[in-house]
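S.K.: Protein chains in written order, with this note's numbering: chain P, 84 to 297; chain V, 84 to 297.
1. Hey, how far is the Cα of residue 293/P from the Cα of residue 226/P?
2. Among residues of its own chain, excluding the 5 on either side of residue 136/P, which ones have a beta-carbon nearer than 8 Å to its beta-carbon?
3. Report the residues of the stretch 94–121 of chain P with a CB closer than 8 Å to any CB of chain V, ordered along the chain.
4. For chain P, find out if any of its Cβ atoms is closer than 8 Å to the Cβ of residue 139/V; answer yes or no.
5. If you run the structure through DSSP and keep just helix, strand and coil, what is residue 286/V?
6. Reducing DSSP to helix, strand and coil, say where residue 54/V ends up.
7. Could you pull out every residue in the same chain whose Cβ sits closer than 7 Å to the Cβ of residue 173/P, ignoring the five residues on either side in sequence?
8. Using C-beta distances below 8 Å, list every residue in its chain close to residue 171/P, excluding the 5 sequence neighbours before and after it, in chain order.
9. Taking residue 76/V as the query, report the chain P residues whose CB atoms sit under 7 Å from its CB, ordered along the chain.
10. Could you say which of 273/P, 253/P and 198/P lies nearest to residue 163/P if we only look at CA atoms?
11. Tell me, to the nearest whole angstrom, how far the beta carbon of residue 146/P is from that of residue 98/P; I am working on the premise that it is less than 8 Å.
12. So, at 7 Å on beta carbons, what are the nonlocal neighbours of residue 244/V in its own chain, with the 5 sequence-adjacent residues on each side left out?
13. Go ahead and pull the three-state DSSP assignment for residue 159/V.
14. Pick from 153/P, 272/P and 138/P: whose alpha carbon is nearest that of residue 207/P?
15. Residues of chain P with CB under 7 Å from residue 154/V, in chain order?
16. Using a C-beta cutoff of 8 Å, does residue 283/P count as contacting chain V?
17. Our contact map puts residue 286/V next to residue 189/V with C-beta atoms below 8 Å; I'd like the distance itself, whole angstroms only.
18. How should residue 157/V be labelled, buried or exposed, when 16 other C-beta atoms within 10 angstroms of its C-beta is the threshold for buried?
19. Measuring straight from C-alpha to C-alpha, what distance separates residue 165/P and residue 151/P?
20. Buried or exposed: where does residue 199/P fall if 16 or more other Cβ atoms within 10 Å of its Cβ makes it buried?
21. Given a cut-off of 8 Å, decide if residue 141/P and residue 357/P are closer than it, judged by their beta-carbon atoms.
22. Starting from the C-beta of residue 176/P, find all residues in its chain whose C-beta is less than 8 Å away, skip the five residues before and the five after it, and write them out in chain order.
23. Could you run through the stretch 165–193 of chain P and flag, in chain order, every residue whose CB is less than 8 Å away from some CB of chain V?
24. Once DSSP output is grouped into helix, strand and coil, what is the label at residue 86/P?
25. How long is the line joining the alpha carbons of residue 94/V and residue 223/V, rounded to whole angstroms?
26. Looking only at its chain, what residues have a beta carbon closer than 6 Å to the beta carbon of residue 169/P, apart from the 5 residues adjacent to it on each side?
27. Reducing DSSP to helix, strand and coil, say where residue 216/V ends up.
28. Cα-Cα, which of 111/P, 297/P, 274/P and 91/P is closest to residue 193/P?
29. Kindly indicate which residue of 204/P, 271/P and 102/P has the alpha-carbon position closest to the one of residue 154/P.
30. With a threshold of 8 Å between beta carbons, is residue 126/V in contact with chain P?
31. Can you confirm whether residue 157/P, when its beta carbon is compared against all beta carbons of chain V, has any partner nearer than 8 Å?
32. Looking only at its own chain, which residues have a Cβ that is under 8 Å from the Cβ of residue 134/V, when we skip the five neighbours before and after it?
33. Chain C beta carbons: is any one of them nearer than 8 Å to that of residue 143/P?
34. Counting C-beta neighbours from all protein chains within 10 Å, is the total for residue 129/V 16 or more, i.e. buried, or is it exposed?
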């Protein structure tokens with residue numbers, strides 16, 4: 084028997100959250116690109132950012148098709164998502180690519196999990212906004228190069244990644260506490276402790292792939 | 084008789100200049116998007132920015148195909164183009180959209196003029212990076228709305244646009260003074276005073292279209 088579908092309000096909430104995440108991730112990656120040591124890398128992070136705004140457009144168009152102004156669907160999340168970025172401003176290029184790597188991947192894992200709760204066409208739309216793995220490959224290569232140039236960087240970036248996850252979880256708690264319909268509905272359908280465990284395990288594996296400690 | 088083609092070095096210089104302009108315009112528009120009064124407008128400027136980085140990619144790929152690392156072709160222009168942006172940081176949303184409007188349009192006019200000096204496939208490539216006019220329509224609507232809300236804004240934005248043009252010309256002078264092959268070759272082929280006159284006339288017409296004074 085297929086899982087029951089989320090009510091429309093919950094779908095709007097989830098699309099709004101993902102859309103806002105894409106919009107602000109775009110901006111922050113574009114800003115962080117200025118930390119790049121050369122123009123090639125600067126452009127590479129800029130292109131990662133541009134992929135986010137293209138995804139934003141698809142989600143915003145779907146919200147509009149559902150009769151919801153995208154701004155209305157996104158507004159409830161602006162505070163926590165902005166706070167996450169404000170509290171995690173990278174100080175250098177290695178921190179910027181680590182943030183893009185960690186943030187993109189956790190977002191993808193979360194999106195993949197919530198996709199299972201959606202009916203079509205929203206399920207496919209949400210799966211389509213997953214990131215191209217070439218960006219993760221680029222970020223891992225940059226992190227490994229930074230550690231190779233100075234092994235002490237590994238400890239600093241490991242601590243930075245833990246802070247990113249901690250801040251993300253803290254702001255996620257604020258989103259859930261705001262009692263949006265989506266999360267009540269989601270909680271009724273998915274194994275939330277299991278979801279957190281899977282996200283954490285995948286994050287740990289990614290840290291290892293980049294040569295960092297969780 | 085067709086105009087003689089620019090030597091390869093000059094083509095590389097021109098592609099490098101346009102590529103760098105796109106890359107830095109992308110970043111600045113993405114940064115300036117944070118000045119938007121709502122998420123819809125914030126996303127609109129972000130999408131204008133994303134169009135620039137897509138153009139950057141096409142130009143960088145062409146440079147690579149010509150055997151030139153894009154960074155090498157862009158490096159000579161990094162100082163003046165960065166200086167232009169550093170000296171013209173918008174203070175609010177109306178200044179940000181005015182800058183995007185003025186900057187995009189003058190870039191397009193310049194690109195259209197230099198395209199006539201290029202052989203294929205570079206001629207078509209350069210013409211393909213011209214901006215979608217929907218962005219200009221968006222910017223004009225925003226400028227007109229800002230002036231409608233407060234008529235005194237017209238004077239301030241008119242002055243701001245003059246400053247943008249003045250800074251751009253000043254930095255363009257630095258580029259030419261740096262004696263890149265492209266500009267010597269270009270000067271031998273195009274009527275430079277005529278080029279400046281045409282750029283200025285088109286700018287004046289655009290200011291009027293947005294309800295501003297030149």
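Glycine included, each C-beta is placed from N, C-alpha and C at the ideal position.
M.R.: In this structure, then:
1. To locate residue 293/P, count along the first chain from 1; it is residue 210. To locate residue 226/P, count along the first chain from 1; it is residue 143. Computed Cα separation, rounded: 6 Å.
2. Residue mapping note: residue 136/P aligns to position 53 of the first chain, counting from 1. Here the set comprises 105, 106 and 109.
3. Among the residues of the stretch 94–121 of chain P, those with a Cβ less than 8 Å away from any Cβ of chain V are 103, 106, 109, 110, 113, 114, 116, 117 and 121, in the order of the chain.
4. As a working mapping, residue 139/V is identified with position 56 in the second chain. Chain P, which has a Cβ nearer than 8 Å to the Cβ of residue 139/V, makes this yes.
5. By one-based count along the second chain, residue 286/V stands at place 203. Reduced to three states, the DSSP call for residue 286/V is helix.
6. As shown, chain V starts at 84 and ends at 297. That puts residue 54/V outside it, with no answer to give.
7. Here residue 173/P corresponds to residue number 90 of the first chain, with the count starting at 1. Same-chain partners within the cutoff: 115, 118, 179 and 182.
8. Residue numbering aside, residue 171/P sits at position 88 when the first chain is read from its first letter. Answer for residue 171/P: 182, 246, 247 and 250, listed in chain order.
9. Because chain V here runs from 84 to 297, residue 76/V falls outside it and cannot be looked at.
10. To locate residue 163/P, count along the first chain from 1; it is residue 80. When each option's Cα is compared against that of residue 163/P, the closest is 253/P.
11. Position 63 of the first chain, counted from the start, is the residue given in the question as residue 146/P. Position 15 of the first chain, counted from the start, is the residue given in the question as residue 98/P. The Cβ separation is near 5 Å, so the contact holds.
12. Walking along the second chain from the start, residue 244/V turns up at place 161. Excluding its 5 nearest sequence neighbours in each direction, residue 244/V has C-beta neighbours in its own chain below 7 Å: 181, 185, 290 and 295, listed in chain order.
13. Locating residue 159/V in the second chain gives position 76, counting from the first residue. In the structure shown, residue 159/V sits in a helix (DSSP, three-state: H, G or I).
14. Position 124 of the first chain, counted from the first residue, corresponds to residue 207/P. Of the candidates 153/P, 272/P and 138/P, 138/P places its Cα closest to the Cα of residue 207/P.
15. In the second chain, the residue the question calls residue 154/V occupies position 71. 121, 122 and 123, listed in chain order.
16. The sequence position of residue 283/P within the first chain is 200, counting from 1. Not a single CB atom of chain V sits nearer than 8 Å to the CB of residue 283/P.
17. As a first step, residue 286/V must be located in the second chain, where it is residue number 203. As a first step, residue 189/V must be located in the second chain, where it is residue number 106. Under the criterion of beta carbons closer than 8 Å, residue 286/V and residue 189/V qualify as touching, at roughly 6 Å.
18. As a working note, residue 157/V is residue 74 in the second chain. Buried: at least 16 other Cβ atoms inside 10 Å.
19. Walking along the first chain from the start, residue 165/P turns up at place 82. Walking along the first chain from the start, residue 151/P turns up at place 68. Using only the alpha carbons, I get a separation of about 22 Å.
20. The residue you call residue 199/P lines up with position 116 of the first chain. With fewer than 16 other Cβ atoms within 10 Å, it is exposed.
21. With chain P running from 84 to 297 in the structure shown, residue 357/P is simply not present.
22. For the purposes of this step, residue 176/P is taken as residue 93 along the first chain, with counting starting at 1. Closer than 8 Å at the Cβ level, and outside the excluded window around residue 176/P, lie 118, 119, 120, 124, 225 and 229.
23. So the list is empty, because no residue satisfies the distance condition.
24. To locate residue 86/P, count along the first chain from 1; it is residue 3. Legend: pLDDT at residue 86/P = 48, less than 50; position of this residue unreliable, value from coordinates given subsequently. DSSP places residue 86/P in coil when its eight states are reduced to three.
25. Taking the second chain and counting its residues from 1, one reaches residue 94/V at position 11. Taking the second chain and counting its residues from 1, one reaches residue 223/V at position 140. Spanning the alpha carbons of residue 94/V and residue 223/V requires a straight line of approximately 33 Å.
26. Counting from 1 along the first chain, the entry for residue 169/P is found at position 86. Answer for residue 169/P: no residue qualifies.
27. Here residue 216/V refers to the residue found at position 133 when the second chain is read from its first residue. Shown here, residue 216/V sits in a helix according to DSSP, grouped into three states.
28. On the first chain, position 110 is the one that residue 193/P refers to. Nearest C-alpha to residue 193/P: 274/P.
29. On the first chain, residue 154/P is found 71 positions in, with the first residue counted as 1. The option with the nearest alpha carbon to residue 154/P is 102/P.
30. By 1-based counting over the second chain, the position of residue 126/V is 43. Closer than 8 Å to some Cβ of chain P, the Cβ of residue 126/V qualifies, so yes.
31. Working through the first chain from its first residue, we reach residue 157/P at position 74. Flagged as an interface residue toward chain V: residue 157/P, by a C-beta distance shorter than 8 Å.
32. Counting from one through the second chain, the residue named residue 134/V turns up at place 51. Counting only Cβ-Cβ distances below 8 Å, and skipping sequence neighbours, we find 214, 215 and 218.
33. The question asks about chain C, but that chain is absent: this structure's protein chains are P and V.
34. Numbered from its first residue, the second chain carries residue 129/V at position 46. Residue environment analysis places residue 129/V among the buried positions, since at least 16 neighbouring C-beta atoms fall within 10 angstroms of its C-beta.
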